[in-house]
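A.B. asks:
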């Protein structure tokens, strides 16, 4: 859910994910456009891939670091390039 929300945020801000882009490639693209997000979007891509391709779910403690990312996305004044 969180990665899909990040994709929606990117689309709304002029940085959509290409159909053939991996989650890590997309995180790299967003991080290059908005450096203050780089570390957090990479972390989200890592967690997304673990959930998508691993046989079990992540403990809540692993997703807690995502809260600062969502706070920053809500507050960020970013104009599309």
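Numbering (the working numbering), first residue to last: 176 to 256. We put the beta carbon where it would ideally sit given N, CA and C, even for glycine.
Helix, strand or coil: which one does DSSP assign to residue 193?
C.D. replies: Here residue 193 refers to the residue found at position 18 when the chain shown is read from its first residue. Three-state DSSP puts residue 193 in coil, outside helix and strand.
A.B. asks: Roughly how many whole angstroms lie between the Cα atoms of residue 201 and residue 249?
C.D. replies: Numbered from 1 along the chain shown, position 26 holds the residue referred to as residue 201. Numbered from 1 along the chain shown, position 74 holds the residue referred to as residue 249. Each residue's alpha carbon lies about 19 Å from the other.
A.B. asks: Decide yes or no for the touch test of the stretch 178-191 against the stretch 206-225: beta carbon pairs closer than 8 Å, at least 3 of them.
C.D. replies: Short answer: they touch.
A.B. asks: What separation, rounded to the nearest whole angstrom, lies between the Cα atoms of residue 245 and residue 215?
C.D. replies: What you label residue 245 is simply residue 70 of the chain shown in a count that begins at 1. What you label residue 215 is simply residue 40 of the chain shown in a count that begins at 1. C-alpha separation (whole angstroms): 9 Å.
A.B. asks: Taking 7 Å as the cut-off, decide whether the C-beta atoms of residue 198 and residue 176 are in contact.
C.D. replies: Taking the chain shown and counting its residues from 1, the one referred to as residue 198 is at position 23. Taking the chain shown and counting its residues from 1, the one referred to as residue 176 is at position 1. No. Outside cutoff.
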